[in-house]
Amino acid sequence: MMLFFCFRLFGKVCPEPPIMVKGWVFSTLLVVFLVFAAPCGAFYLPGSYMHTYRQGEEIGAKVNSLTSIETELPFSYYSLPYCRPKDDIKKSAENLGELLMGDQIDNSPYRFRVNVNESLYLCTTNPLDEADVKLLKQRSRDLYQVNMILDNLPVRRFTEQNGMTIQWTGYPVGYIPEGTNDVYIINHLKFKVLVHKYEGGKVKVVGTGEGMEVISEMDSDANSGFEIVGFEVVPCSVKRDPKDMLKLKMYDKVNPVNCPVELEKSQLIKEKEQITFTYEVEFVNSDIRWPSRWDAYLKMEGSKIHWFSIMNSLMVILFLAGIVFVIFLRTVRRDLTRYEELDKEAQAQMNEELSGWKLVVGDVFREPTSSKLLCVMIGDGVQILGMAIVTIFFAAFGFMSPASRGMLLTGMIVLYMLLGIVAGYASVRLWRTLKGTSEGWRPVSWSTACFFPGIVFIVLTVLNFMLWTRNSTGALPISLFFGLLSLWFCVSMPLTLLGGFFGTRAEPIEFPVRTNQIPREIPAKKYSWLFILGAGTLPFGTLFIELFFILSSIWLGRFYYVFGFLLVVLLLLVVVCAEVSVVLTYMHLCAEDWRWWWKAFFASGTVALYVFLYSINYLVFDLRSLSGPVSAMLYIGYSFIVSLAIMLATGTVGFLTSFSFVHYLFSSVKID
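Here my numbering is used: the first residue of the sequence shown is 273, the next is one more, and so on.
See below:
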């Protein structure tokens, strides 16, 4: 549960992580084998394997949870009075990440026969009662979308706004025409399914994510058929006579409809009204190949601005960071060179008159206050940073594409648990370095295993309770909730304790100088922490543009796919955090302030404060349509969790870099 973007988690607790790990390892090994074993016609890693369909073969569409950018509370498709399948509702198997995001994928009565164009009747509801009318109107006013899936492709629709064509995924539950308060339901759907005829050949296709398949020349004939390469819909509202419609059976033919329909011929939502649901389907041949079918979803509006802004930001930050780093290196090198070229008498005089950082040589490695908490936060930071780098690295190479629903979050959770061994090792070894002994390593390991996950668990418990009260599909059932606790205690904690045990066997880092028994008095300095707060602005400058697109993809229902840029931004963030923290540490040492430990951590960790403030700014100015206190609390809660994770990760980078710098600096000085 520990991490989302830490939304909501998963289903079967004990068997799931091993299955995911085995599947991922097998997929990786098979891909490597195929790359180096023999040449092939094509190689593709899209997220799911290709499926071909025969002429007239039936395909069933699936429906996901109803979603809205107004409330961010997902609800089940069948919570509304929609038509149900003949063979009852069947839930699709969902992975950890899908359940974490609140997805609930069910079968639907919508049936398609390959290359058969038809207009069909589904059902007519019972007369709507007051509760049904109220619910339908509320979902329509909250801009809820129906998310339908065919062959793993979300349905798309297009609207015209200010002379521009806007692409959306899903279609609305209902709509309110301008100038009226009446609500009309979408009860007729005109589907267009794009198909491409696949005739086999020398092309070999490898897929990852939901499955894996290799199509070779020998079985190409067996796989010949039609590929689904596009799924579009034109929704409209049509009023039909229920007396005539009730005479029909499901999938009987009806007359096609020209959308949009005049308002007086549209279906109004009101009590005692019976709503008839119908749909049309048209199959269109397309030149789009199966490996390219997701391109239409990933072409977001403003993508050119996005790429230009990212590149501009990277170049500016690299330039500034390079200048700071070069100046810093010249200053320190000159200081050390001047000091080592002097004789002992001149060195003593220089220590008294000029060199402030050398005056704290007997205190620079004095144990900091709250040393246990520092060790715990460093361990958790190493764990989070490692998870982020590995996850984004594999996402950048296509292993976690949007076609693999939930794969990204599943990978994050599994990696976070496995890296518990690294967190335990890092925290206990730092503890042993500070204390000089392994005594007390068990409480440090336990605290490392509980600190960040415990905070996340408390926050998500409160948020999950809010979701329970609203009957949202984003809420975890009690069984899953306790299953997640079992996963935490049975997998993450033992690995962290094992890492702590290895940390006790590792050699502690030896300090190059001795620590005096009496602490040196620190000169009074004003505004010291203001410099630390201001230091976070430079790392924030490396990621705030990318942060905007990430927030938009999460809260506005867009696809985020530029993981290559995200990987570059993450690596750049690490470099800038390291440089900023080292510069601030050097400044404090020059000011004879030997209490650098926590300041080195927060010099780079304060970027999380700006991330949280930016998230609040995004809520106020970009998510103005977000309605209700529950939605706002969900947003703030998730933003807090993400900001805390960023603080631990960036603070760890700054601390470890500063620790290495201070150790190197005082190892380079000749001291009698």
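Just so it is clear, CB atoms sit at the ideal spot from N, CA and C, and this is done for glycine as well. For clarity, every value in this text was computed on a predicted model and none was experimentally measured.
Lys363 burial status per 10 Å Cβ neighbour count (16 or more: buried): Exposed: under 16 other Cβ atoms inside 10 Å.
Candidates Phe812, Val840 and Lys409, of which the one nearest Val852 by Cα: Looking at the Cα atoms, Phe812 is the closest of the given residues.
Asn889 (DSSP reduced to helix, strand or coil): Residue state, collapsed to three classes: helix.
Helix, strand or coil at Ser496 [DSSP, three-state]: Note: Ser496 maps to coil in three-state DSSP.
Start and end residues, alpha helix (DSSP H) containing Asn557: Careful: Asn557 lies outside any alpha helix (DSSP H), inside the beta strand (DSSP E) at Thr548 to Asn557.
Bridge partner(s) assigned by DSSP for Arg383: Arg383 pairs with Gly332.
Status (buried if at least 16 other CB within 10 Å, exposed otherwise) for Asn419: Per the 10 Å Cβ criterion, buried.
Separation of Val934 from Cys849, as counted between CA atoms: Whole-angstrom Cα-Cα distance: 16 angstroms.
Supposed contact pair Gly502 and Arg561 - C-beta distance, whole angstroms, cut 8 angstroms: The pair is not a contact, with the Cβ atoms about 11 angstroms apart (cut-off 8 angstroms).
Length of the line joining the Cα atoms of Leu466 and Pro381: If you draw a straight line from the Cα of Leu466 to the Cα of Pro381, it comes to about 20 angstroms.
Boundaries of the alpha helix (DSSP H) in which Arg714 is found, first to last residue: Counting along the chain, the unbroken alpha helix (DSSP H) around Arg714 starts and ends at Trp713 to Thr741.
N- and C-terminal bounds of the beta strand (DSSP E) containing Tyr470: Counting along the chain, the unbroken beta strand (DSSP E) around Tyr470 starts and ends at His460 to Tyr470.
Nearest to Pro791 (by Cα), restricted to the options Tyr349, Leu394, Glu344 and Leu631: Ranking Tyr349, Leu394, Glu344 and Leu631 by Cα distance to Pro791 puts Leu631 first.
Rounded C-alpha distance that separates Gly497 from Glu471: Within the model, the alpha-carbon separation for Gly497 versus Glu471 is close to 7 angstroms.
Per DSSP, the bridge partner or partners of Ser391: Paired residues: Glu552.
Simplified DSSP assignment, three categories, for Leu425: Reduced to three states, the DSSP call for Leu425 is strand.
Which residues DSSP lists as bridging Tyr907, in chain order: Per DSSP, none; premise fails for Tyr907.
First and last residue of the uninterrupted alpha helix (DSSP H) at Thr705: Element bounds for Thr705: Gly692 to Lys707.
Trp440 versus Glu504: straight-line alpha-carbon distance, rounded: A straight line joining the alpha-carbon of Trp440 with that of Glu504 spans about 10 angstroms.
For Glu779, the nearest candidate out of Ala904, Lys521 and Val700 (CA to CA): Distances from the alpha-carbon of Glu779 to those of Ala904, Lys521 and Val700 put Val700 closest.
From Met373, Leu352, Leu394 and Gly369, residue whose alpha carbon lies closest to that of Glu402: Ranking the options by Cα distance to Glu402, first place goes to Leu352.
Which listed residue (Ile685, Trp718, Tyr936 and Val556) has its alpha carbon closest to that of Gly696: When only C-alpha atoms are compared, the closest one is Trp718.
For Asp1013: DSSP bridge partner residues: Because the chain in this structure spans residues 273 to 944, residue 1013 falls outside the shown range and cannot be described.
Nonlocal neighbours in the same chain, by C-beta distance under 8 angstroms from Val847, ignoring five residues either side: Result list for Val847: Ala593, in chain order.
Beta-carbon proximity list for Leu681, same chain, < 6 angstroms, skipping 5 on both sides: Gly369 and Leu372, listed in sequence order.
8 angstroms Cβ shell around Ser764 - same chain, five flanking residues per side excluded: Shown here for Ser764: same chain residues with a beta carbon closer than 8 angstroms to its own, the five before and five after excluded, namely Met274, Tyr688, Met689, Gly692, Ala721 and Pro725 in chain order.
Per DSSP, the bridge partner or partners of Glu432: In the DSSP output, where bridge partners are listed per residue, Glu432 has Thr437.
Euclidean distance between Cα positions of His860 and Arg704: Computed Cα separation, rounded: 25 angstroms.
Cβ-Cβ distance between Glu639 and Leu702 below 8 angstroms: Not closer than 8 angstroms, so no.
Straight-line gap, Ser299 to Val734 (C-alpha atoms, nearest Å): The predicted position of Ser299 is uncertain, since its pLDDT is 37 and thus under 50; a value taken from the coordinates is nonetheless stated next. Their Cα atoms are separated by approximately 38 angstroms.
Helix, strand or coil at Gly808 according to DSSP, with G and I counted as helix: DSSP places Gly808 in coil when its eight states are reduced to three.
Sub-8 angstroms separation of Tyr551 and Leu392 beta-carbons: Result yes, Cβ atoms of Tyr551 and Leu392 sit closer than 8 angstroms.
Assigned secondary structure, Thr324 (DSSP; H/G/I helix, E/B strand, else coil): DSSP places Thr324 in the strand class (E or B) of the three-state scheme.
Cys762, DSSP secondary structure in three states: Helix, per DSSP.
Where Val654 falls: helix, strand or coil (DSSP): Reduced to three states, the DSSP call for Val654 is helix.
Extent of the continuous alpha helix (DSSP H) run through Gly829: Per DSSP, Gly829 is not a residue of any alpha helix (DSSP H), being assigned neither H nor E.
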